[in-house]
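Novice: Position one of the sequence shown corresponds to residue 4 (the numbering used here), numbered consecutively onward. Cβ atoms here follow ideal geometry from the backbone N, Cα and C, with glycine treated the same way. Just so we're clear, the structure is a prediction, and the values are computed from it rather than from any experiment. Quick one: structure below, then a few questions.
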Amino acid sequence: MASDNLEDVLIQSGVDSALTSSLMMEGWSCQSFRMAAADIHGFEDVLQEWSSSTPLSAFQKACLRTAFQSLQPQQGPSASAVSTPTLSTTTPAGSWAEAFPPKLENAVLQAMKQKFMANYPSELIHADLFPSTRLVSLVHDQLSKKVWKWVPWKYRISLTRSEEISSNRAQKMPKIDHLGLHSLLFDDPPSIDVSNNAMGVNSIRNMLEVHDRAIALCQGAHLANLKAYTHKFIGFLTAKYDGDLRNTSVLEAQHADQKIWTVIAELMERGWNMDDCLHEMTNLRHDLPSLLQPRPRVFKPLPSPSSQTASPRGDGPKGKGQGKSKGKQNSGKSKGKVQWLTEIQRDGGFKQLCMRYQVGKCQTPNCFTMHDPFNEVDSVETLPVHDVDPVQDFAPPSDSFTRGRLSQPEQANAVGYGAASPSCCEYSRLKLRDDDGPKALRSPEHLSGLPNLTPWELQRVQESFMMLSRCVEVLTLVFQAGLRDDSGAFASRATAQYPLKLAQLFANLVAPLLDTSGLDLQWSDLDALMPTKQLSEYPFSQIDGGGAFSHPDWSQDNRQEHDWFKTLRTSWMNRIISERLDKILLAHVASGNPSPPFSVEILTPFKADLEQFLEAHGHTPDWSVRQHQPIHLHILHSFQKIMHDVDFTLLPSLLEGVRTGFSTAIPPSGIFPPKERTDIEPDPLSAHLSNWQSAEEDLPLTRELVQEEIDKGWVFPYKGSLEEAQQEYPAGVAIGKLGVARSDSRAPRLVVDSSVCGLNGRCIIPERSTLPTAKEVLRSYPLRQCQRNLMGFSLDVKAAHKRIVLHPDECGLVGFSLEGQLFFYRVTPFGAIFSAFWWARLGGLLLRIFHHLIWLSHAGFLYVDDFLFFMEANMMPLSATLLCIFCQLLEIPISWKKTAMHSSIDYIGWKFNFNAGIVTIPIEKILKLRGYIEHLISQPRTTRKSLEKLIGLAMWITQLFPLMRIWIHYWYHDLYTIPATHFSIDAGTWPRIHQYLTPTLTFHTAPLGSAIPISGKLIAVRHQAVSSLADLTSLHIKTDNRIWLRIINPNSSKRKLRPDSLRILKLFEHWLMGVSPSRPMRAKPYWNGVAAADACASGSYCQIGGFIRHPSGVQFWFSEKFSHADFDILSIHLDPNMQRSIASFETLAQIALVWLVATSFPGFRIPICVKSLSDNTGAKSVSNKLFTTTHPLCLFVEILTCLASTTGIELDVSHIPGADSVTADDLSRWDFSTPIPHDFQPSERIHLSLNQLFRCSPHPTLHPPESKLLWKLPHPLAM
């Protein structure tokens, strides 16, 4: 019996709830619905009428027919000639009806489209980009039910494509409509075939983008987050690899996408929203690079032996079996075959293996050869172990996130001993046996995988390689931290189990490095392993780019600063948290959107809070903007006054227009160190009406760049001549040369050379700015008393130098010419010396304000126009949002597209991973340096520019590899050594040659009829060296022939590399081939002992002395005296008066200190930093920087770096006044006959020869001393 309620009937029949509600609102009841048509055929006309107003799917029509039929009176079998069977109202689980819900109504789709256009006005809406109706319906149904499932790629099609498929399908449809079954049952949604053959990257991109729009249309997630995922997915999919690797295929990419969305679905089940899930999978986790990692390329298979033509005398089907091999000498040399093991050593002798048994042919029980040498295993007792599996609940090192977590304790010196055991089954040669064992996936000839492997087998090959490489990476970090055993690799490394005695010896070696607590560490204990940087722990960073009164590390204790902006920060933070603006910023940064992250409506309450804050401090908010620059300088000036900033002359100068330092002095800032004045007479101002080649070679581009700067108000064309400009600008007129700077990483930009016109040389800059290096970032890492994960945030100011306006009286000093037209700058351009100084002051002020705004524990830096901050990961988005709101309110021109917020940040060329604690050199930099080196090795006669490129990049890379920096001094020597050239003069000019020379033999005027360059230095006349004018008069030259002069031209670009420089080039080339691009960010732990050294010299002798004292009270000391002849033996040539080389001997004393510390520890190698004392400023400087170009001091620094590399010990030398360096000074002056000063004992003395100090390799010793060996130790000189 049918129900009397029509709504129940419709629901039981499977009619959509929206359609049911619509019918009930129209007033339909059971009786009226029953009488809607006379029979089922008439009901078809009713359905057609309803479909004209509301589109109905075939499924919904079938459900309505079911409801209509159920309300009809029951009839017997003969009541109708054609009986329509009643359909079941339940749908089996997993059928098409469950996967594909009914189509959404037209009105619903239109409303969704209107809301989409309102939310994303820049997005185009047309049929080629709009997702199909079935796709939108599916996504909408899953989101409304809060049950998300992955949508297969074959259904991700656009509306146009869907209509094309449906149209083609209708033409091929069998004509069975008269049966009444097709319209009732057939509802196959349009789909496409996804395969590896007919699809490429564009097809995958279209499917992902259509899917993104479908989700955004249903308001499942923000389109920016969806696009960020798609962009990263396509980036990994299209990355370029070497020839042995390939990108993932279409089906493999689909599988990766399914894995990602499956994880997203699991997170959404736990209460996450889709935006957070997408950010997690796109930016925080590393599933994408793991799933889309390159696969080994499968090469064409080699022809099998069976497919090759058989020998006529072979044992083929038609042969006679008489074929023989070619002899013993050629056996075992066929290519592509495995050389099998034929004998083994056992019980002191060799025994032959039975090869016939291995292939299953030998059945002789008493065979004289061995069948299975490994059928009996000797019993081995093992040490007791705990039955625990500490890694059972987390991913292996193949997971990128796990690998990053594993890297933390290794780089933090928290691992005493590291070992990895990656699965070696895919490398086992036993698989190559031709028996019933597992299939081999590799061979010695095909290390990347055998041909014709299945996708699953290729995945096993790639996973085994990835496990091996990542285990090696983790162990490399352990090695770089310095903790390793003396013997290196063990002979039993290839075995699966160590013998008992060997295991005991091995355990005894490792035991001193392990904690004796006896606790089994679990994965959850990983954070507890990380050492916490204490408040007073070294090192301390000093330079952040903000000047003398700013420091980068705000996690230090006992701050002297006052919290000036507390009330403003509190009100802004409350708004940010309540409106979750940090989430908006995270999505904006992830999308790479170049527009600002926050709208005017969002910023309005923050602006009101700012005005209220200024008024509370007695400042009237002034939002006026000075012409030709965007920043609200008056608001910035109020902030500066509130925080009592030292640079009080900055903002008045910016508002008035800054001075260049040419005619009017620049007021000092008081935050940067003063700059030393030079007495060199600068060149006068000049005008250059031609430009550099970079601007002339592409005039259309140059015109376009100039017009852009005119449109922005930075440059104005001068309508007049040069003479008129000189009258209008009495302060001076200088016309520099225009150039176009091109770079691979940024768009072309204009550069004005203000040096060639004499401006830079005549501008007096009172101070020199200070910039942080990568070392300063490392010294600030990690934050003190912080064990949580860290996150970085970077901001880049767009066209920073051109945001500062020049004083109107000095605009004539910064001009250029293009195609006969004069142009002058209103702002400070890139290329002028004063531009960098003024921006350093303004940028420093912004950094100091940013420090006070954040206030919480953090670190911050400014390098030119790039800001970097890092702090705890849970607070970084909030603080970053605070800074972005401040920048938007004050109109600070931020390049929002370059803004980054992540655990890994690219900053000043380096990649800092604040979560894993690793800094990495981009591989492009290493390859670039290798290219420079290879070019110079092949062409020793080079140019100054080539050498400058090499030295600049090498100095940059060795910031974090300081032990390699000292060797660059050889290249500096060649850079400043200019090859001399021969010039000739007429014999009649020789008597008057002194008229053309200065007292230093420099030509101030070129002799008539000669090509001698001005400023050229005369060094020889007819192969006779000269050094003064007096030497010229002593030469007797009487000849009528032309006289040849050897002259050094300072303007020459030619250079020549010496053999020593070529040797260092090869040293760097070898180093770069094996250097790990990553190194730990944590500093080496400081040794808590006391160390000091000193030296003295007089005449032809020098003496060094020093001591170290352990915290336990154990101490060692040295005192050695060397003569000038001792150094000559080692080919170290010093001044006969050795007092002139005192800095070298002070450095030698520091070398001896490192020897003392190293010999105090077993193994001669320990990764520590030793704080030492020295009263010599030169030795202190070079020992810390490990670089100098002064000879012979550079030779001693070379020895220090070699010893530091061998021992793992670094020095941190501090200066001590000579009057306080009593102990070390007395040891350096001890005469070896009087009592040892300061109660040092003879047994505590360590004797160090000069040869030993310069040898830089440990001398093997035997402990205990009374032990005996059956062989002699090698002589130190032979090592």
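1) Span of the alpha helix (DSSP H) holding T1021?
2) Can you name the start and end residues of the alpha helix (DSSP H) that N511 belongs to?
3) Roughly how many whole angstroms lie between the Cα atoms of E927 and R749?
4) Do you know how far the Cα of I908 is from the Cα of K901?
5) Thinking C-beta only, is I1212 closer than 8 Å to A1161?
6) Mind checking which residues open and close the alpha helix (DSSP H) that includes V800?
7) Run through DSSP, which three-state label would Q261 get?
8) For the alpha helix (DSSP H) that contains D1034, what are its first and last residues?
9) Excluding five sequence neighbours on each side, which residues of the same chain lie with their C-beta closer than 7 Å to the C-beta of S933?
10) Applying the 10 Å Cβ sphere with the 16-neighbour rule, what's the burial state of L1133?
11) First and last residue of the alpha helix (DSSP H) that includes D1228?
12) In the DSSP assignment, what are the bridge partners of N916?
13) Considering only DSSP beta bridges, list what Y975 is partnered with.
14) Can W842 and G912 be called in contact, C-beta distance under 8 Å?
15) Are A734 and L809 touching if we call contact CB-CB under 8 Å?
16) What's the call for P292, buried or exposed, on a 16-neighbour Cβ count within 10 Å?
17) Please state the DSSP three-state secondary structure of P1083.
18) For V1093, list the residues DSSP reports as bridge partners.
19) Which class does H289 belong to by DSSP, given the choice of helix, strand or coil?
20) Excluding the five sequence neighbours on either side, which residues of its own chain have a C-beta within less than 7 Å of the C-beta of L146, listed in chain order?
21) How long is the line joining the alpha carbons of H635 and I852, rounded to whole angstroms?
22) Starting from T946 and walking both ways along the beta strand (DSSP E), at which residues does that stretch end?
23) If we define contact as Cβ-Cβ less than 8 Å, is M210 a contact residue for chain C?
24) Would you kindly check if the distance between the Cβ of V111 and the Cβ of W156 is under 8 Å?
25) With a 10 Å radius around its C-beta and 16 neighbouring C-beta atoms as the bar for buried, classify M1283 as buried or exposed.
26) Which residue marks the beginning of the beta strand (DSSP E) containing F889, and which one marks its end?
27) Determine whether the beta carbon atoms of S1079 and M1141 lie at a separation below 8 Å.
28) Tell me C1099's beta-bridge partners as DSSP assigns them.
29) Touching or not, the region 1196-1203 and the region 1234-1246, by the rule of three or more beta carbon pairs under 8 Å?
30) For a test of your reading of the model: does the CB of S1236 fall under 7 Å from any non-hydrogen atom of the ligand ATP? Yes or no.
31) Just to confirm, is the Cβ distance from D19 to P105 under 8 Å?
32) What does the alpha-carbon distance come out to for the pair Y232 and A219?
33) Using the Cβ count rule (16 or more neighbours within 10 Å means buried), how would you classify D131?
34) Under a Cβ-count criterion, where at least 16 other Cβ atoms within 10 Å of its own Cβ denotes burial, should A1100 be classed as buried or exposed?
35) Near H1113, what residues of its chain come up, given a Cβ to Cβ distance below 6 Å and the 5 sequence neighbours on each side ignored?
36) In whole angstroms, give me the CA-to-CA distance for S1283 and A39.
Specialist: According to the structure shown:
1) Position 1018 of the sequence shown holds residue 1021. The question names Thr, but residue 1021 is Leu in the sequence shown. For L1021, no alpha helix (DSSP H) encloses it; the enclosing beta strand (DSSP E) starts and ends at K1020 to V1024.
2) Stepping through the sequence shown from its first residue, residue 511 is reached at position 508. It spans L503 to V513 - the alpha helix (DSSP H) in which N511 sits, taken as one unbroken run.
3) By 1-based counting over the sequence shown, the position of residue 927 is 924. By 1-based counting over the sequence shown, the position of residue 749 is 746. Spanning the two alpha carbons is a distance of roughly 16 Å.
4) On the sequence shown, residue 901 is found 898 positions in, with the first residue counted as 1. On the sequence shown, residue 908 is found 905 positions in, with the first residue counted as 1. Counting only the Cα atoms, I908 lies some 11 Å from K901.
5) Counting from 1 along the sequence shown, the entry for residue 1161 is found at position 1158. Counting from 1 along the sequence shown, the entry for residue 1212 is found at position 1209. In contact: A1161 and I1212 (Cβ atoms closer than 8 Å).
6) Reading the sequence shown from its first residue, position 797 is the one you call residue 800. Here V800 belongs to no alpha helix (DSSP H), and DSSP marks it neither H nor E.
7) As a working note, residue 261 is residue 258 in the sequence shown. Helix, per DSSP.
8) Counted from its first residue, the sequence shown places residue 1034 at position 1031. Start and end: L1032 to T1036.
9) As a working mapping, residue 933 is identified with position 930 in the sequence shown. In the sequence on display, residue 933 carries Arg and not Ser. So the list reads E1072 and L1075, once near-sequence residues are dropped.
10) Taking the sequence shown and counting its residues from 1, the one referred to as residue 1133 is at position 1130. Result: exposed.
11) Counting from 1 along the sequence shown, the entry for residue 1228 is found at position 1225. V1225 to S1231 is the extent of the alpha helix (DSSP H) around D1228.
12) For the purposes of this step, residue 916 is taken as the residue at position 913 of the sequence shown. In DSSP, N916 forms a bridge with S907 and I921.
13) Against the sequence shown, residue 975 aligns to sequence position 972. Answer by DSSP bridge pairing: none, since Y975 is not bridged.
14) The residue given as residue 842 occupies position 839 in the sequence shown. The residue given as residue 912 occupies position 909 in the sequence shown. No, Cβ-Cβ distance for W842 and G912 is not below 8 Å.
15) Residue 734 sits at position 731 when you count from the first residue of the sequence shown. Residue 809 sits at position 806 when you count from the first residue of the sequence shown. No, these two residues do not count as a Cβ contact at 8 Å.
16) Mapped onto the sequence shown, residue 292 falls at position 289. So P292 counts as exposed.
17) Within the sequence shown, numbered from 1, the residue matching residue 1083 stands at position 1080. Looking at P1083 - three-state DSSP - the assignment turns out to be strand.
18) Along the sequence shown, read from residue 1 onward, the residue named residue 1093 stands at position 1090. When DSSP reads this structure, V1093 sits in a beta bridge with R1112.
19) On the sequence shown, position 286 is the one that residue 289 refers to. Here H289 sits in coil by DSSP.
20) The count along the sequence shown starts at 1 and reaches residue 146 at position 143. By the criterion of a C-beta distance shorter than 7 Å, L146 is surrounded in its chain by C221 and G223, once the five residues flanking it on both sides are discounted.
21) Along the sequence shown, one-based indexing puts residue 635 at 632. Along the sequence shown, one-based indexing puts residue 852 at 849. For H635 and I852, the distance between alpha carbons rounds to 14 Å.
22) Counted from its first residue, the sequence shown places residue 946 at position 943. First-last of the beta strand (DSSP E) with T946: R944 to T946.
23) Going by chain labels, chain C is absent from the structure shown, which holds only one protein chain.
24) Here the question's residue 156 lines up with position 153 in the sequence shown. Here the question's residue 111 lines up with position 108 in the sequence shown. No, the Cβ-Cβ distance between W156 and V111 is not below 8 Å.
25) The chain is shown from 4 up to 1282; residue 1283 falls before or after that span and cannot be answered.
26) For the purposes of this step, residue 889 is taken as the residue at position 886 of the sequence shown. It is not in any beta strand (DSSP E) - F889 instead sits in the alpha helix (DSSP H) that spans M879 to L892.
27) As a working mapping, residue 1079 is identified with position 1076 in the sequence shown. As a working mapping, residue 1141 is identified with position 1138 in the sequence shown. It is not a contact, given that the beta carbons lie outside the stated cut-off.
28) On the sequence shown, residue 1099 is found 1096 positions in, with the first residue counted as 1. Note: C1099 sits in a beta bridge opposite Q1106.
29) Counting Cβ pairs under 8 Å, fewer than three are found: no touch.
30) Questions concerning the ligand ATP fall outside what the structure shown contains, since it holds no ligand whatsoever.
31) Counting from 1 along the sequence shown, the entry for residue 19 is found at position 16. Counting from 1 along the sequence shown, the entry for residue 105 is found at position 102. With contacts defined as CB atoms closer than 8 Å, D19 and P105 qualify as a contacting pair.
32) The sequence position of residue 232 within the sequence shown is 229, counting from 1. The sequence position of residue 219 within the sequence shown is 216, counting from 1. Between the alpha carbons of Y232 and A219 lies a gap of roughly 13 Å.
33) Here residue 131 refers to the residue found at position 128 of the sequence shown. D131 should be labelled exposed.
34) As a working mapping, residue 1100 is identified with position 1097 in the sequence shown. Buried: at least 16 other Cβ atoms inside 10 Å.
35) Stepping through the sequence shown from its first residue, residue 1113 is reached at position 1110. Only G1092 meet the Cβ criterion.
36) Nothing about residue 1283 can be read from this structure; the chain reaches only from 4 to 1282.
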